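Using the UniProt record's numbering, the letters of the sequence shown correspond one by one to residues 1 to 399.
Scroll down for the structure; my scribbles are underneath it.
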Amino acid sequence: MRIAIIHVGAPAGGMNPATRAAVAYCLARGHTPIAIYNGFPGLCRHHADTPLGSVREVKWLESDSWVNEGGSEIGTNRGLPSEDMPKTAECFELYKFDALFVIGGFEAFTAVSQLRKAREQYPAFRIPLVVLPATISNNVPGTEYSLGSDTCLNTLVMFCDVIRQSASSSRRRVFVIETQGGRSGYIATMAGLAVGAFAVYIPEEGIDIKTLARDIEYLRHHFATDRGASHAGKIILRNERASGTYTTQVIADMIKEEARGRFESRAAVPGHFQQGGKPSPMDRVRALRMALKCIQHIETFSGRSGEAIAADPMSSVVIGIKGGEVVFGPMGPDVDGRAGLEETDTDWVHRRPKNDFWMGLKELVDTLSGRPGEDHGGVIRMAEEEGWGAYDDPCHFTE
1 MRIAIIHVGA
11 PAGGMNPATR
21 AAVAYCLARG
31 HTPIAIYNGF
41 PGLCRHHADT
51 PLGSVREVKW
61 LESDSWVNEG
71 GSEIGTNRGL
81 PSEDMPKTAE
91 CFELYKFDAL
101 FVIGGFEAFT
111 AVSQLRKARE
121 QYPAFRIPLV
131 VLPATISNNV
141 PGTEYSLGSD
151 TCLNTLVMFC
161 DVIRQSASSS
171 RRRVFVIETQ
181 GGRSGYIATM
191 AGLAVGAFAV
201 YIPEEGIDIK
211 TLARDIEYLR
221 HHFATDRGAS
231 HAGKIILRNE
241 RASGTYTTQV
251 IADMIKEEAR
261 GRFESRAAVP
271 GHFQQGGKPS
281 PMDRVRALRM
291 ALKCIQHIET
301 FSGRSGEAIA
311 ADPMSSVVIG
321 IKGGEVVFGP
331 MGPDVDGRAG
341 LEETDTDWVH
351 RRPKNDFWMG
361 LKELVDTLSG
371 RPGEDHGGVI
381 RMAEEEGWGA
391 YDDPCHFTE
């Protein structure tokens, strides 16, 4: 089989190890691994470039060193096949692809969805289409884990630990740190748990003035009653898409203004540093394990006609980890008409799964920090009601 491998979306740790594993397995099994460089735009615009086009067979010695490399050696971007579907189909026919292995984030999921829906018009897409989730945002439907999210968390936690050290040394200092993750608060929430953040602002909940006022009041009370006894600084994590109005710098400035000189506030933006360098051991091992299963799944369609492949709901799938199991989820409806991941699990507007398995951990961040919050009726829960006693001291602020 001629198996095409393409990266779609932003770079993520684990993309290269997964590609290397797929290439090695393909060569060992007698298949031809073909790398598509620079995503779908690279396929359509540069496949015929000389002396080196964007569609190339991958040799073992070329990919062997990718096992511990971060980023994407074959290049990745957010371009989708819908930008030029006829040209994409033409290239598929020209290079006689027998299968497509897509590694990437929500854009990879979207790309395979588009190709699946275009099968009726373009027979070239009647081949196995498999998505291996790889994104720091961990926002691909059908899985609880995406390659790159562990590498990102390790890098972000290291960054926050250094910031906390500065905050603790200066004592009366609050740092507002901006995290990536798109419209998914997974990275911010998990990092918040790992670093003991005071608060985490995520797109799923948003930010309003009432929340900020309550948090600032708590911080003022904390520093007023602390009297230098605690060495711990405060960390607030804010997802980059949590609010278009209350940016990281705006929140830091608001806290600083309301502090009235009692404590300081700073903003810190690690930016693309969060994508990490070398992939973590977890990402490397899972990249290997899942890439092999993807190619093995593709092999089950060997020798079948395009019509038979298109009629099989398992011909367009997402490999995922749910609980302790590796599973394949069909993107489209099954033979009985039951909806697939595109309908049941996907929030297309916000580019994330409908059911976020990690949302229950968000409340745990607030509980562990003693941060006041609201119950489901909108009633403010004070810290003494939660057993933390942060508001036992009746003293309030005097200017």
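Ideal Cβ placement from N, Cα and C applies to all residues, glycine included.
The model shown is predicted, which means the values in this text are computed figures rather than measured ones.
Q. Based on Cα-Cα distance, which residue from K293, R78, R304, K354 lies nearest to V326?
A. For V326, the nearest C-alpha among the options comes from K293.
(Q) Less than 7 Å between C-beta atoms, sequence neighbours within five positions excluded: which residues of the same chain meet that for G182? (A) S137, N139, R241, R351
Q: With DSSP as the reference, label A4 as helix, strand or coil.
A: strand
Q. What are the partner residues of V130, as DSSP defines its beta bridges?
A. F101, V317
Q) When DSSP builds the beta bridges, which residues end up paired with K322? A) E325
Q | Rounded straight-line distance, which links the Cα of I202 to that of V195 | A | Separation of V195 and I202 (C-alpha to C-alpha, rounded to the nearest whole angstrom) is 16 Å.
Q: From the DSSP output, in three-state form, read off Y95 for me.
A: coil
Q) So, are the CB atoms of R116 and L129 less than 8 Å apart? A) Yes; because the gap between Cβ atoms is below 8 Å, this pair is in contact.
Q | Inter-stretch contact (C-beta, 8 Å, three-pair minimum) for the region 61 to 71 and the region 81 to 96 | A | no
(Q) Taking the alpha carbon of V102 as the reference point, which residue from S243, G233, I3 has its own alpha carbon closest? (A) When each option's Cα is compared against that of V102, the closest is I3.
Q.
I'd like to confirm the pairing. Which residues does DSSP put opposite A267 in its beta bridges?
A. V176
Q.
I'd like the ranges of any beta strand (DSSP E) spanning at least 3 consecutive residues and lying wholly in the region 112 to 168.
A. 129 to 133
Q: Check whether the Cβ of C152 lies closer than 8 Å to any Cβ atom in chain C.
A: Considering every chain present, this structure includes no chain C. It has just one protein chain.
Q: Please go through the same chain and pick out, in chain order, the residues whose beta-carbon is closer than 7 Å to the beta-carbon of F397, but skip the five residues on each side of it.
A: Below a pLDDT of 50, predicted positions are generally treated as unreliable, and F397, at 38, falls in that range; no measurement from the model is reported.
(Q) Looking at the secondary structure, which residues open and close the alpha helix (DSSP H) in which K256 lies? (A) Looking at the DSSP string, the run of the alpha helix (DSSP H) that includes K256 is 248 to 259.
Q: Take G306 and list the residues in its own chain whose beta-carbon comes closer than 6 Å to its own, dropping the five residues that flank it on each side.
A: P123, R126
Q) Can the beta-carbon of I235 be found less than 8 Å from the beta-carbon of R164? A) yes
Q. Among residues of its own chain, excluding the 5 on either side of Y145, which ones have a beta-carbon nearer than 6 Å to its beta-carbon?
A. I321
Q) Apart from the five residues on each side of it in sequence, which residues of its chain come closer than 7 Å, Cβ to Cβ, to P11? A) Cβ within range, chain order: G71, S72, T76, Q275.
Q) Can you tell which of G148, A199, H31 has its C-alpha closest to the C-alpha of K273? A) Per the sequence shown, residue 273 should be read as Phe rather than Lys. Selected option, being the one with the closest Cα: G148.
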